[in-house]
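As structure tokens, the structure follows; a few thoughts come after it.
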Amino acid sequence: MEVTLIGMGPGDPSALTGGALAALEQADVLIGSRRLVERCALSPEAQRFSSTKSAEIVEILASGPWECPCVLYSGDTGFHSGTRTLLPLLEERGISWRVLPGVSSMQYFAAMLGRPWQEWQVVSAHGLACDPVGEVLAAHGRPVFFLTGGVGGVAALCRRLAQAGLGSLTATVGEALSYPEERITQAQVWELAEKEFSTLSVLLVDGATSIWPLRSQGIDDGAFLRGEVPMTKQEVRAAALAKLEVRDGAVYWDVGAGTGSVSVELALLAPRSPVYAVEYKGEACALIRANRERFGAYNLELAEGRAPAALSDLPAPDGVFIGGSEGELIPILEAALSRNPAVRFCVTAIAVETLGVAVAAFTQLGMNPQITQITVARSRRAGERNLMLGQNPVWIVTGQKEALL
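All you need for my numbering is the position in the sequence shown, starting with 1, plus 1.
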């Protein structure tokens, strides 16, 4: 017995390869999703089993005297396909196999739209956790193609994008591709969020290009809206983010966010990361919102309120920057540690007394504080000469639980 794994393409037999057609005409058993096995008319005499779980498929194959069994997969066998888990199980059982690839829904959709797909960012939201905001931002202007289904349906993905401020992007939905009821809809994301679509749908979101070009940390201070609110300066901000060891996809808190300069930089450096700016002062909150829009940092969310109370509903952090604690440093540190004992902290201080409090707090909570002093001088033009003007020195205290390093 040799089992044939077939990529059925979008679904209609016209999209099948010649090899797949020949295998199906000889098949004596078909295994796959209910939709695929019931709609396949190319093997009228074949016995049919509805199963998508690889372990079950292997048991079905081992249970009968099949000569030409075929396992059916939607789309292409190498594109978010169950072949990934089935092939190792076939190897373990000593069952020989061959794979006949098909046309993926992405290829078919691109052909229908008359667009090349080599630049598309490809994401599966079909039965998988998916953050559409992070994926769109991380694509840096490239279109993002989503396989959808279940809770990751088209409307749900568009609602999340619209809620984050990306509702004006153009998106295209392909429903029931290759079937008679095929439909293609193009509109702005906020419009699609209000519609209903088939569970057999794909979504293409045209790229969101930030007004701020992709670069390393350390955005010029003058680029931020700041009013009278204190702001972490460019050089200190760059050093602090390096000390925080930013990783895309991790969760970050910026406590005492002020203008949101650190939050914005975190969001831009790690577009797949949820970033929470924690602030309670009215003017500062308004500036955080304004800077979020100014830089297109749509993965940044304002958590308005005083810490540590405002931290209770936030997801567990992987990194916490603390630019201001209002005398609540230890409770803030404890709140983060209670959610994630491996969290990494970065605290800035401009007063010697604040430095002492931070070092004592880290030590008390079982962390070995690493202390860096940043002293910066900036040039100012005076006639034909450049004079260096010293800025206030700043201490950066970083650390996490030693046993977890």
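Don't be surprised by glycine CBs; every beta carbon is placed ideally from N, CA and C.
Start-to-end residues for the alpha helix (DSSP H) that takes in residue i
{"i": "Thr186", "result": "First-last for Thr186: Arg184 to Gln189, but that is the beta strand (DSSP E), not the alpha helix (DSSP H)."}
{"i": "Ser339", "result": "Leu330 to Arg340"}
{"i": "Gln235", "result": "Gln235 to Leu245"}
{"i": "Asn387", "result": "Note, Asn387: premise wrong, no alpha helix (DSSP H); beta strand (DSSP E) at Arg386 to Gly391."}
{"i": "Ala295", "result": "Here residue 295 turns out to be Arg, not Ala, going by the sequence shown. Taken as a continuous stretch (DSSP letters only), the alpha helix (DSSP H) holding Arg295 covers Gly283 to Phe296."}
{"i": "Phe1", "result": "No answer is possible for residue 1: the residues shown for the chain start at 2 and end at 406."}
{"i": "Tyr363", "result": "A small fix is needed here, since residue 363 is Phe in this sequence, not Tyr. From DSSP, the alpha helix (DSSP H) with Phe363 extends over Val353 to Gln365."}
{"i": "Arg35", "result": "Arg35 to Arg40"}
{"i": "Ser64", "result": "Ser55 to Ser64"}
Distance CB(residue i)-CB(residue j) smaller than 8 Å
{"i": "Arg381", "j": "Leu245", "result": "no"}
{"i": "Thr349", "j": "Gly367", "result": "no"}
{"i": "Pro76", "j": "Gly115", "result": "With the sequence shown as reference, residue 76 is identified as Gly, and Pro is not the correct amino acid for it. Contact: no."}
{"i": "Asp207", "j": "Val252", "result": "no"}
{"i": "Leu226", "j": "Arg295", "result": "yes"}
{"i": "Val279", "j": "Asp255", "result": "yes"}
{"i": "Ser106", "j": "Leu148", "result": "yes"}
{"i": "Ala172", "j": "Ala188", "result": "yes"}
{"i": "Leu193", "j": "Val155", "result": "yes"}
{"i": "Met9", "j": "Tyr74", "result": "yes"}
{"i": "Ala268", "j": "Ala291", "result": "no"}
{"i": "Cys286", "j": "Glu305", "result": "yes"}
{"i": "Ile7", "j": "Ile32", "result": "no"}
Close beta carbons around residue i, own chain, < 6 Å, minus the five adjacent residues each side
{"i": "Val398", "result": "Val348, Ala359, Pro370 and Ile372"}
{"i": "Gly20", "result": "Leu101"}
{"i": "Leu406", "result": "Low confidence applies here, because Leu406 scores a pLDDT of 45, under 50, leaving its location unreliable; read the following figure in that light. Around Leu406: no qualifying Cβ."}
{"i": "Gly391", "result": "Ala378"}
{"i": "Cys69", "result": "Gln27, Ala28 and Asp29"}
{"i": "Thr186", "result": "Val174"}
{"i": "Ser125", "result": "His81 and Leu148"}
{"i": "Thr86", "result": "Ser55"}
{"i": "Ser97", "result": "Glu3"}
{"i": "Gln48", "result": "Val30"}
Option nearest residue i by Cα separation, candidates the options
{"i": "Arg293", "options": "Pro316, Gly259, Lys54 and Ser326", "result": "Gly259"}
{"i": "Ala317", "options": "Arg307, Ala343 and Leu303", "result": "Ala343"}
{"i": "Val72", "options": "Ala298, Ile61 and His81", "result": "Ile61"}
{"i": "Leu388", "options": "Gly33, Ala378, Val30 and Phe50", "result": "Ala378"}
{"i": "Lys54", "options": "Gln48, Leu91 and Ala16", "result": "Leu91"}
{"i": "Arg184", "options": "Ser97, Phe110, Cys131 and Ser82", "result": "Phe110"}
{"i": "Asn300", "options": "Gly283, Tyr277, Glu284 and Cys286", "result": "Tyr277"}
{"i": "Gly357", "options": "Arg35, Leu158 and Leu330", "result": "Leu330"}
{"i": "Glu176", "options": "Gly250, Gln374 and Pro11", "result": "Pro11"}
{"i": "Ala165", "options": "Thr376, Pro275 and Trp67", "result": "Pro275"}
{"i": "Ser82", "options": "Leu303, Trp67, Gly128 and Gln119", "result": "Gly128"}
{"i": "Ala336", "options": "Phe322, Leu312, Ala24 and Ala188", "result": "Leu312"}
{"i": "His141", "options": "Gln122, Ala130, Ala243 and Cys131", "result": "Gln122"}
{"i": "Val247", "options": "Val263, Glu284 and Glu236", "result": "Val263"}
{"i": "Arg238", "options": "Asp221, Glu385, Asp249 and Gly250", "result": "Asp221"}
{"i": "Gln201", "options": "Pro181, Trp191, Ala112 and Glu195", "result": "It should be noted that the sequence gives Leu, not Gln, for residue 201. Of the candidates Pro181, Trp191, Ala112 and Glu195, the one whose C-alpha sits nearest the C-alpha of Leu201 is Pro181."}
{"i": "Glu120", "options": "Cys131, Gln108, Met113 and Ala130", "result": "Gln108"}
{"i": "Pro117", "options": "Arg340, Leu205 and Gly250", "result": "Leu205"}
Assumed close pair residue i, residue j - CB separation to whole angstroms, cut-off 8 Å
{"i": "Phe198", "j": "Val174", "result": "6 Å"}
{"i": "Ala139", "j": "Pro272", "result": "4 Å"}
{"i": "Gly257", "j": "Leu288", "result": "Contact doesn't hold; Cβ gap of about 13 Å is too wide."}
{"i": "Val203", "j": "Leu167", "result": "Not quite, the Cβ-Cβ distance comes to about 18 Å (not below 8 Å), so this is no contact."}
{"i": "Glu233", "j": "Arg99", "result": "It should be noted that the sequence gives Thr, not Glu, for residue 233. The Cβ separation is near 60 Å, so there is no contact."}
{"i": "Pro133", "j": "Leu170", "result": "Not confirmed; about 11 Å, so no contact."}
{"i": "Ala224", "j": "Ile375", "result": "Wrong, their Cβ atoms sit about 20 Å apart, outside the cutoff."}
{"i": "Leu270", "j": "Gln235", "result": "That pair is no contact at about 14 Å."}
{"i": "Ile351", "j": "Val395", "result": "6 Å"}
{"i": "Ser34", "j": "Ser51", "result": "7 Å"}
Beta-carbon proximity list for residue i, same chain, < 7 Å, skipping 5 on both sides
{"i": "Pro89", "result": "none"}
{"i": "Lys402", "result": "Pro342, Ala343, Gly367 and Met368"}
{"i": "Gly79", "result": "Pro102"}
{"i": "Arg14", "result": "Correcting the residue type first, residue 14 is Pro in the shown sequence and not Arg. Cβ neighbours of Pro14 beyond the five flanking positions: Leu43."}
{"i": "Glu195", "result": "none"}
Element boundaries [beta strand (DSSP E), containing residue i]
{"i": "Arg99", "result": "Ser97 to Leu101"}
{"i": "Ile1", "result": "This structure does not reach residue 1, given that the chain is present from 2 up to 406, and the question cannot be answered."}
{"i": "Gln374", "result": "Gln371 to Ile375"}
{"i": "Val252", "result": "Here Val252 belongs to no beta strand (DSSP E), and DSSP marks it neither H nor E."}
{"i": "Leu205", "result": "Ser202 to Val206"}
{"i": "Arg382", "result": "Ala378 to Ala383"}
{"i": "Leu17", "result": "Unbroken run through Leu17: none, as it is neither H nor E."}
{"i": "Leu315", "result": "Premise fails: Leu315 is in no beta strand (DSSP E) and is neither H nor E."}
{"i": "Pro70", "result": "Pro70 to Tyr74"}
{"i": "Arg49", "result": "Gln48 to Ser51"}
{"i": "Ala161", "result": "Sequence check: residue 161 is Arg here, not Ala. Note, Arg161: premise wrong, no beta strand (DSSP E); alpha helix (DSSP H) at Val155 to Leu162."}
Contacting residues, own chain, Cβ-Cβ under 8 Å from residue i (five flanking each side not counted)
{"i": "Glu354", "result": "none"}
{"i": "Gly400", "result": "Arg345, Phe346, Phe363, Met368, Asn369, Pro370 and Gln371"}
{"i": "Leu338", "result": "Val344, Leu366 and Lys402"}
{"i": "Arg40", "result": "Gly12"}
{"i": "Glu327", "result": "Gly257, Arg307 and Ala308"}
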